[in-house]
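Shown next, in structure tokens, is the structure this report addresses.
2 protein chains.
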Amino acid sequence: MTDRKEFRDLADPETARDAIASLDLTPDPERVALADARGRVLAERVDADIDVPGFDRASMDGYAVRARDTFGADETDPESLELAGTVHAGEEPDVEVTEGRAVEISTGAVMPPGADSVVMVERTDESEDGNSVAVRTAVAPGDNVMLAGADVAAGERALGPGTRLTAREIGLLSALGVDSVPVRGKPTVGIVSTGDELVRPGEEVDSAAGQIYDVNSYTVAAAVEEAGGEPTLYPHAGDDYDEMERILREAADECDLVLSSGSTSASAVDVIYQVIEERGELLLHGVAVKPGKPMLVGRLANSESAGESAYVGLPGYPVSALTIFRTFVAPAIRRAAEVPEPATATVEARMATEERYGEGRMRLMPVGLTETGPGESGDGDLLAYVVDKGSGATTSLVEADGVVSVPADTAYLAEGESVEVQLFSPDVRPPSVLGVGEDDPALARLLDALERPRYLSVGSRVGLRKLRDGVPDFVVTSGDSASDRQLDASELASYEREWGLVVPSGNPEEIAGLADLVDRDLRFVNRGSDSGLRTTLGETVADLADERGATRHDLVESIDGFELAAKAHESPARNVAAGRADAGLGLRTTAEKLGLGFVSVGTETVRVLANPDRTAKAGVRELDAALDDELDGILADLSGFER
Amino acid sequence: MTDRKEFRDLADPETARDAIASLDLTPDPERVALADARGRVLAERVDADIDVPGFDRASMDGYAVRARDTFGADETDPESLELAGTVHAGEEPDVEVTEGRAVEISTGAVMPPGADSVVMVERTDESEDGNSVAVRTAVAPGDNVMLAGADVAAGERALGPGTRLTAREIGLLSALGVDSVPVRGKPTVGIVSTGDELVRPGEEVDSAAGQIYDVNSYTVAAAVEEAGGEPTLYPHAGDDYDEMERILREAADECDLVLSSGSTSASAVDVIYQVIEERGELLLHGVAVKPGKPMLVGRLANSESAGESAYVGLPGYPVSALTIFRTFVAPAIRRAAEVPEPATATVEARMATEERYGEGRMRLMPVGLTETGPGESGDGDLLAYVVDKGSGATTSLVEADGVVSVPADTAYLAEGESVEVQLFSPDVRPPSVLGVGEDDPALARLLDALERPRYLSVGSRVGLRKLRDGVPDFVVTSGDSASDRQLDASELASYEREWGLVVPSGNPEEIAGLADLVDRDLRFVNRGSDSGLRTTLGETVADLADERGATRHDLVESIDGFELAAKAHESPARNVAAGRADAGLGLRTTAEKLGLGFVSVGTETVRVLANPDRTAKAGVRELDAALDDELDGILADLSGFER
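In structure tokens:
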């Protein structure tokens, strides 16, 4: 462990950006079929090869005539012309228009020789025998005719290089008869995932052996696509030098850019470091940015040509990896693909609370967003709240919407200060409604009825604190947490849920209630101290202590596992199901769902409270309507729930 | 032609919208691999099946210890612990931490039994013999450890139904080991192109027989993809009932929605009308909207099941088809796909000039956009100018950026009035710079050096008029057009171009100059009357008339084809190349490019003039820089051009 890379000489972020900009990711142009050209960028100018239309074309249904033959015709004094034939669209005319004659013509048909104009059908009357037509208006030469080349003339510049191809450009190319176009290539990006402990999603993971699912490979691959690149996933490389070298070489030979990502372990990073130094060139290692310190930038020699591929090593933690990708790598891929960043990729927001810094390096701070205003359309401000669960948490990925880049010399961001949020993806949209608080299965079901909700299960206590900070749109509490204090919040709904001890199926230990936990040698699993349900348990234990003339502390000390806090409302029950505990704090509905036994202790009240400043917000009104319409059905469907 | 559908009872636009909304386009959900899930919308809620992490996990490199063994340790008084072994990431621990012992541990590794915390490596010193480690800090239980399930607990709600999957959601799903997800299906849209005259791009088009390329099929297919649908192109149906019926039935059996589109001919529309009435149900035909009157909405019975598919008949002209699709059909596809319209699909703009209406039906007015302000970032207003080339023009597709919906009762839009522009595609961006005026090959090359220019070859005269209206950023004139009047414009550059008569290679008619056109029986092709080059020609003819003591009119009358105006600068020359004329007005460079002969007549000045209100605009500055940097090279490369 002594030769670990310590990243002591950290590059500043601008240097890192310059180093990546100095790499050549630009792919060769390619030719694609028109049907596949949408979203691509034209590599060369396209000039018209043909006239559009390719012939003088009738632009009305009617009669092709010589304009001079209609001179003086009007409604009261029509001019009668002899009918010489018919031309439909897609036919070569087999008739000429000579003096005093007309030819019936369809929109889009070729003008017959001799004719210089079309009288629209609405201003004519064909004779009953079909031999002549009375023209009730005069026309001028060129009327209702589109001349050959009038739309596009052969030789005209049609589309310039760099044009992004959308439906309309594809329309113009179709009109020119073009069925394939030269476009900029998409930079190919090889993703090499490192670390002995990683398993691809879909495979079995052996937790006892410390295996975890590989998060970065698919995440970064999706982000590469969003940036206009073409990702390739390479097989996992372990921490072995030879294997790593083989895979990095293969990726370098096949891709414009190689990204390594995955492991947080120093040994895997060491091996990569060594391969890059030996098989290529390391431009920098370590950047003065949090998160993202262990970033590597370099080049990898191709094994079969004199060329080189660009290389960037991303940090191992998923949020760090995506943040560094978004900030440093995606712009380079977009540049190489010549696809500009969508305007939606960045939004302005106000800081929901103040933030202090003091690390002396740039901070890429993950933030979540919520709208303060009534509607979807941005008539309210966006609030940015800091998501700080530690970079190891994958849930930060979906609880944050993007990052705010805080310069190294910024010590303080004030509440309400305006910040620019770089969204994780251009398609990221702030949640329609933001809730925080107690983890509750009825509420979780209700969320499914909402458009784009975000709910942070932080527990009742933390939820109430965040509501006082003005961040969420609504909070869900259980137990007496909410009634304890004077709360400036409007109650949207409340209901009761039955709680107690979840025990193995059949209750083999014959647990009768809380007293058994105190008096017997049973392994218990509790909820976290922010949970309202735990508060309710604590109060019930205090009541039991009163009955016995003991202190609450005494009883708690006698419960093996009272301090063993599990995260989600199902977690204690799942510990029981796995045989790791004899009883867990939980709800009747959870015990039934997991096929476990249940010892009822009581009921507690769950309250849904709205932020008083947000009651006009569309998402809150949607929540309110869903509570009115759906809650009774949900409660009826879950055991132990009622109004 | 007497039983043509006249669309006399036009539905109002709201009725049309309701009729389309009443159709069921919603596809069945499907399951896709995680690697293909980006951009899709989750069909069901996804709960966590597993704890993340699945084990108590070291979140630092260091030493796993019992916290109580580090009590009191600090820099001056380290605690020495016996080294009992090592655990790497991805390994099952084979060692226990008992009192007074420590185990070396990597980030991400499983905590060995007995240990409750990790001392980070930076606060330790391993002994030289590797048998013990000195710990220079005290830790508390849980320090530098992420407990099993602390990130996501099994049973927690991970993602709700309706979630759009971007990189970050794919990250969370990866962490949960999910490798495929249930997503909303994409509505399948069959595109049936009608009309005997249509030819697919890439095939040969027979202009003499009135064939044209099919523009709508690929355009609408691309627009369907942009709206979140999955397009299928069906083979061309002619105007034959049986063939049309067969193809429409096939499309109805295979797709959620069938769109017909292509022909402008009444007979093709008649056949479709008949098929829908006989094989399905027509909900409405004809909508009071311009363009788009001949729109059809209905249902088509499936031949193999009791089901029905939705049907919409689009108008035949490309701009009309795309406009109607954008306004009426795309919203229905988005709803069925549950993909919201991107915020970028609509922009606010000011009318560049006033517009009057008087048709009593809703107008979907194609407009182009240009920014008045200095930058890209919207610090200027967007100006909307009406593109009114007639709906038959495919070039309107790329000269307009979107449509403004003008209600039937609006008679007047004032200059400067604010309008909402529905862009043709969410990816459409206003041009970086908008130029108008003379068609010139040097200028066309220069445009290739600019980022996202739009240039409308309307001729010098129209260009100058548009500049006075304040629409374009710059105008290009030739001849004396610009110097004729007092122009409030700043000249960015000027250069000379050599013009004359383009003749067949070898000049078989031995044409020596303009006089031959007057005196001999030669077929000539001129440019359009808005062209500066034609003005220059006219002045030269006037000089010749002076010499001869004749009037200009006399001489013009003697030139066969003086009034035969061709659109683009190459068009007269191409007429010569095709044997349709003996001489054409043109440039030396054009004659050389096309391998033709050239009889020089003179030179004329081309001027590039900037709109004085836009000189600070980024696109104008880019143009100015390109003129400085690139123009000399371009002129040197083209015959007959010089400063």
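Read top to bottom, the protein sequences are chains A and B. The first sequence runs 147 to 789 under the working numbering. The second sequence runs 147 to 789 under the working numbering. Backbone N, C-alpha and C fix where the C-beta goes; we use that ideal spot for every residue, glycine too. The model shown is predicted, which means the values in this text are computed figures rather than measured ones.
Looking at the structure shown, is residue i part of a helix, part of a strand, or coil, going by DSSP?
i        : result
Gly432/B : coil
Ser570/A : First, the amino acid is wrong: residue 570/A is Phe here, not Ser. Coil, per DSSP.
Ser407/A : strand
Met292/A : strand
Asp692/A : helix
Val549/A : strand
Gly730/B : strand
Pro328/B : strand
Thr161/A : helix
Thr681/B : helix
Pro347/A : coil
Gly231/A : strand
Leu769/A : helix
How long is the line joining the alpha carbons of residue i and residue j, rounded to whole angstroms?
i        : j        : result
Glu423/B : Val458/B : 13 Å
Pro377/A : Pro173/A : 13 Å
Ala304/A : Ser353/A : 60 Å
Asp149/A : Thr490/B : Its pLDDT being 43, under 50, Asp149/A is placed unreliably by the model, and nothing is read from it.
Ala369/B : Asp573/B : 11 Å
Ala248/B : Arg212/B : 8 Å
Leu773/A : Thr161/B : 33 Å
Ile780/A : Glu501/B : 56 Å
Gly743/B : Ile166/B : 59 Å
Phe201/B : Arg720/A : 14 Å
Glu343/B : Thr253/A : 11 Å
Leu229/B : Gly276/B : 7 Å
Val567/B : Glu494/B : 6 Å
Arg163/A : Asp770/B : 29 Å
Glu522/B : Leu529/B : A caution first: Glu522/B carries a pLDDT of 45, below 50, which makes its placement in the model unreliable, though a value can still be read off. Looking at the two C-alpha atoms, the distance is approximately 14 Å.
Phe708/A : Leu460/A : 41 Å
Gly786/B : Pro587/B : 11 Å
Pro239/A : Leu293/A : 16 Å
Kindly indicate the opening and closing residues of the alpha helix (DSSP H) around residue i.
i        : result
Val754/B : Here Val754/B belongs to no alpha helix (DSSP H); instead the beta strand (DSSP E) covers Gly743 to Ala756.
Asp202/A : Careful: Asp202/A lies outside any alpha helix (DSSP H) and carries neither H nor E.
Gly438/A : Looking at the DSSP string, Gly438/A is not in any alpha helix (DSSP H), and its letter there is neither H nor E.
Tyr387/B : Tyr387 to Glu400
Tyr364/B : Asn362 to Glu372
Ala482/B : Ala476 to Ala483
Quick one, which of the options has its alpha-carbon nearest residue i's?
i        : options                                   : result
Val265/B : Val241/B, Ala560/B and Asp215/B           : Asp215/B
Arg509/B : Val552/B, Leu344/B, Val281/B and Leu589/B : Val552/B
Val766/B : Ala383/B, Ala727/B, Ala595/B and Gly730/B : Ala595/B
Glu268/B : Asp275/B, Val279/B, Ala261/B and Glu274/B : Val279/B
Val298/A : Glu656/B, Leu319/B and Ile358/B           : Ile358/B
Regarding residue i and the ligand SAH, is the C-beta to nearest heavy atom distance less than 8 Å?
i        : result
Leu647/B : Among the ligands in the structure shown, none appear at all, so the ligand SAH cannot be discussed.
At which residues does the beta strand (DSSP E) containing residue i begin and terminate?
i        : result
Ser455/B : Glu454 to Gly459
Ala210/B : Gly208 to Val211
Ser320/A : No beta strand (DSSP E) holds Ser320/A; the alpha helix (DSSP H) holding it covers Ala313 to Ala321.
Thr516/B : Met508 to Glu517
Give the DSSP bridge partners of residue i, in chain order.
i        : result
Thr697/A : In the DSSP output, where bridge partners are listed per residue, Thr697/A has none listed.
Phe787/A : Arg643/A
Val338/A : Ser406/A
Gly444/A : Leu428/A and Tyr457/A
Glu494/A : Glu566/A
Arg600/B : Leu580/B
Arg303/A : Asp193/A
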